[in-house]
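Below: the structure, in C-alpha cells.
Residue numbers (our numbering): 108 to 484.
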C-alpha cells in the first residue's frame with residue numbers, strides 16, 4: 108500500500124502551514140479549564156475561523172488523507188483542538204454525512220462546520236457497562252415522535268451541548284443488537300436533565316443525562332428504526348479510526364519533551380529510562396504508520412474507516428498510558444504535583460482503555476472481524 112503523499116496533498120499541507128502561522132498568534136487566551144461556557148465560545152470561535160478560511164469541512168468532504176494531514180499539521184502547530192465540539196466534528200457529523208438524508212445533512216452539518224452548535228454523545232448507560240448493546244433507554248413511537256425515557260452516563264460536554272447523538276431501544280422484544288435506533292436529541296427539549304460529573308483529574312467534561320418522557324421527532328432518526336446498531340458502528344469506526352490521529356502527533360511531541368526534561372534533571376543517565384523512551388518512540392512511529400495505513404484503507408473503501416481502527420485504538424490506548432507512566436518515571440516524586448506538566452494527563456490516560464470501547468471489546472472485534480475467529484458465547 109502506498110503511504111506517500113501526492114504533490115496536491117503536499118500543496119495542501121504547505122498552504123495550511125502558512126495559514127496556521129498567520130492566524131495562531133492572534134488567538135485570544137484560552138479560558139480556564141472549569142469555565143465551560145468560555146471554553147465552548149473559544150472552541151466554536153476557532154471552528155468559525157476554520158470555516159471562514161475554507162478548512163471547516165476537512166473532516167467530511169475532504170479525502171481521508173487530507174483529513175490526516177489537517178490533524179497532523181494543526182497538532183504540530185499547537186492549534187486549538189476541536190474541544191467542546193469534538194463529538195459534532197469527529198463522531199456525529201461524519202455519521203450524519205455518511206448515513207443521514209439530504210434534509211438531515213442540510214440541517215445539522217452546516218451549523219457544526221460554522222461553529223454554531225455543539226453535540227454530545229448519549230451512548231453509555233449506568234447499568235450497561237462496556238456492553239453498549241445492553242442499553243435500556245426506551246423510545247416509544249407516538250405518531251410523528253418518539254417518547255424517550257432513561258438515562259445516559261459519561262456524556263461528554265452535555266452541559267454545553269445543543270444536540271445529542273442518542274441511542275435508544277425501540278423494540279425491546281428484538282435481539283439486543285437489532286432493536287436499537289439512532290436519534291438526534293435537542294438538549295433543550297422538555298424532560299432533559301443534565302448533571303455534571305467530576306473526574307479523577309478534577310475536570311467536569313462528562314455528565315449524566317436523565318430523560319423523562321422526552322419527545323423527539325421521528326424526522327430526527329438517522330437510519331431506519333431498529334437499524335441503529337449498524338449506524339452506531341459507523342460512528343464508532345470514525346471514533347476509533349481517525350479521531351485519535353492528532354493525539355498520536357501530540358504524544359510524539361510529549362515524548363520529545365520528556366527526553367529534554369530527563370536530560371535536564373539527570374534521569375537520562377539511567378539506561379532504563381533511555382530504553383523506555385526509545386521503545387516508546389518506535390511505538391508511536393509505528394502507530395503513525397498504522398494511522399496512515401487505516402486512512403489509505405478508508406480512502407479505498409469509500410471514506411469510512413474499517414475494523415483496522417480497533418487495532419489502532421487497542422494499541423494506542425496502552426501506549427498512551429505507558430507514555431505518561433514514563434513521564435512519572437522522569438519526573439520522580441514531582442509527578443504527584445498536579446501543577447507539573449503531564450501529571451493531569453497521566454490521570455486522564457487511565458480512561459483510554461475504557462473510552463471509545465474497552466480494550467476487551469477491541470480484542471473481540473479484532474478476533475472476529477479481522478482474524479475470523481468464532482464469536483464467544
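Heads up, the beta-carbon is just placed ideally off N, CA and C, and yes, glycines get one too.
Fair warning: this is a prediction, and the values are worked out from it, not measured in the lab.
- Query: For residue 134, which three-state DSSP category applies?
  - Reply: For the purposes of this step, residue 134 is identified with residue 27 of the chain shown, where counting begins at 1. Taken through DSSP and simplified to helix, strand or coil, residue 134 comes out as coil.
- Query: Just the Cα atoms here: how many angstroms apart are residue 270 and residue 441?
  - Reply: Residue 270 sits at position 163 when you count from the first residue of the chain shown. Residue 441 sits at position 334 when you count from the first residue of the chain shown. The straight-line gap from Cα to Cα measures roughly 41 Å.
- Query: What is the rounded straight-line gap between the Cα of residue 342 and the Cα of residue 199?
  - Reply: Reading the chain shown from its first residue, position 235 is the one you call residue 342. Reading the chain shown from its first residue, position 92 is the one you call residue 199. Taking the straight line joining both Cα atoms gives about 7 Å.
- Query: What whole-angstrom Cβ distance do residue 265 and residue 314 have, given they're in contact under 8 Å?
  - Reply: Within the chain shown, the letter at position 158 stands for residue 265. Within the chain shown, the letter at position 207 stands for residue 314. Contact between residue 265 and residue 314 holds, since their C-beta atoms are separated by about 4 Å, short of 8 Å.
- Task: Compare the C-alpha of residue 290 against each of 305, 335, 340 and 317 and name the closest.
- Result: Residue numbering aside, residue 290 sits at position 183 when the chain shown is read from its first letter. Nearest of 305, 335, 340 and 317 to residue 290, Cα basis: 335.
- Around the C-beta of residue 363, are 16 or more other C-beta atoms found within 10 angstroms, so that it is buried, or is it exposed? Stepping through the chain shown from its first residue, residue 363 is reached at position 256. By the neighbour-count criterion, in which 16 or more other beta carbons inside 10 Å mark a residue as buried, residue 363 falls on the exposed side.
- Item | Per-residue DSSP class, three states only, for residue 246 | By one-based count along the chain shown, residue 246 stands at place 139. Strand at residue 246.
- Hey, out of 180, 267 and 416, whose CA is closest to residue 144's CA? Translated into positions along the chain shown, residue 144 becomes position 37. Answer by Cα proximity: 267.
- Counting Cβ pairs, one atom from each stretch, are 3 or more of them under 8 Å apart for the segment 287-302 and the segment 246-258? Yes, they touch.
- Query: To the nearest whole angstrom, what separates the beta carbons of residue 216 and residue 205, a pair I think is in contact under 8 Å?
  - Reply: Looking up residue 216 in the chain shown gives position 109. Looking up residue 205 in the chain shown gives position 98. Rounded, the Cβ-Cβ distance is 11 Å, inconsistent with contact.
- Message: Whole angstroms are fine: how far does the CA of residue 202 sit from the CA of residue 373?
- Response: Walking along the chain shown from the start, residue 373 turns up at place 266. Walking along the chain shown from the start, residue 202 turns up at place 95. Answer to the nearest angstrom: the Cα atoms are 49 Å apart.
- Whole angstroms is fine: what's the gap from residue 138's alpha carbon to residue 233's? Taking the chain shown and counting its residues from 1, one reaches residue 138 at position 31. Taking the chain shown and counting its residues from 1, one reaches residue 233 at position 126. The straight-line gap from Cα to Cα measures roughly 31 Å.
- Item | Contact set for residue 297: own chain, Cβ-Cβ below 8 Å, skip 5 residues either direction | For the purposes of this step, residue 297 is taken as the residue at position 190 of the chain shown. Leaving aside the five residues that flank residue 297 on each side, the residues in its chain whose CB is nearer than 8 Å to its CB run, in chain order, 321 and 322.
- Message: Pop quiz: residue 434 and residue 453 are said to be a contact at Cβ under 8 Å. What is the actual Cβ separation, rounded to whole angstroms?
- Response: Looking up residue 434 in the chain shown gives position 327. Looking up residue 453 in the chain shown gives position 346. Contact check for residue 434 and residue 453: beta-carbon distance about 6 Å, within the 8 Å limit, so the pair qualifies.
- Task: Confirm, please, whether the CB-CB distance from residue 194 to residue 226 is below 8 Å.
- Result: Along the chain shown, read from residue 1 onward, the residue named residue 226 stands at position 119. Along the chain shown, read from residue 1 onward, the residue named residue 194 stands at position 87. With contacts defined as CB atoms closer than 8 Å, residue 226 and residue 194 qualify as a contacting pair.
- Item | Contacts around residue 339, its chain only, beta-carbon distance under 8 Å, and the 5 residues preceding and following it disregarded | To locate residue 339, count along the chain shown from 1; it is residue 232. Excluding residues within five positions, the ones whose Cβ falls inside 8 Å are 230, 239, 274, 287 and 289.
- CA-to-CA distance, residue 166 to residue 430, given in whole angstroms: For the purposes of this step, residue 430 is identified with residue 323 of the chain shown, where counting begins at 1. For the purposes of this step, residue 166 is identified with residue 59 of the chain shown, where counting begins at 1. Linking residue 430 to residue 166 through their CA atoms gives a straight-line distance of about 28 Å.
- For residue 219, three-class secondary structure by DSSP: Within the chain shown, numbered from 1, the residue matching residue 219 stands at position 112. It is helical.
- Distance between beta carbons of residue 332 and residue 262, contact taken as under 8 Å: Position 155 of the chain shown holds residue 262. Position 225 of the chain shown holds residue 332. About 23 Å; that fails the 8 Å criterion.
- Query: By Cβ distance below 7 Å, which residues in the same chain neighbour residue 186 in space, the five residues on each side in sequence not counted?
  - Reply: Here the question's residue 186 lines up with position 79 in the chain shown. The residues are 127 and 131.
- Item | Alpha-carbon spacing of residue 389 relative to residue 282, whole angstroms | Start at 1 with the first residue of the chain shown, and residue 389 comes out as number 282. Start at 1 with the first residue of the chain shown, and residue 282 comes out as number 175. Those two C-alpha atoms are separated by around 44 Å.
- Buried or exposed: residue 108, going by 16 or more other Cβ atoms within 10 Å of its Cβ? Along the chain shown, read from residue 1 onward, the residue named residue 108 stands at position 1. In this prediction, residue 108 has a pLDDT of 47, which is less than 50 and means its spatial position is unreliable; what the coordinates show is noted afterwards. Exposed: under 16 other Cβ atoms inside 10 Å.
- Task: Excluding the 5 residues preceding and the 5 following residue 156 in the sequence, name in chain order all residues of the same chain whose CB lies nearer than 7 Å to its CB.
- Result: On the chain shown, position 49 is the one that residue 156 refers to. Within the same chain, residue 156 has close Cβ partners 130.
- Kindly indicate which three-state DSSP category residue 259 falls into: helix, strand or coil? Position 152 of the chain shown holds residue 259. DSSP places residue 259 in strand when its eight states are reduced to three.
- Query: According to the Cβ coordinates, are residue 123 and residue 180 closer than 8 Å?
  - Reply: Along the chain shown, read from residue 1 onward, the residue named residue 123 stands at position 16. Along the chain shown, read from residue 1 onward, the residue named residue 180 stands at position 73. Yes, the Cβ-Cβ distance between residue 123 and residue 180 is below 8 Å.
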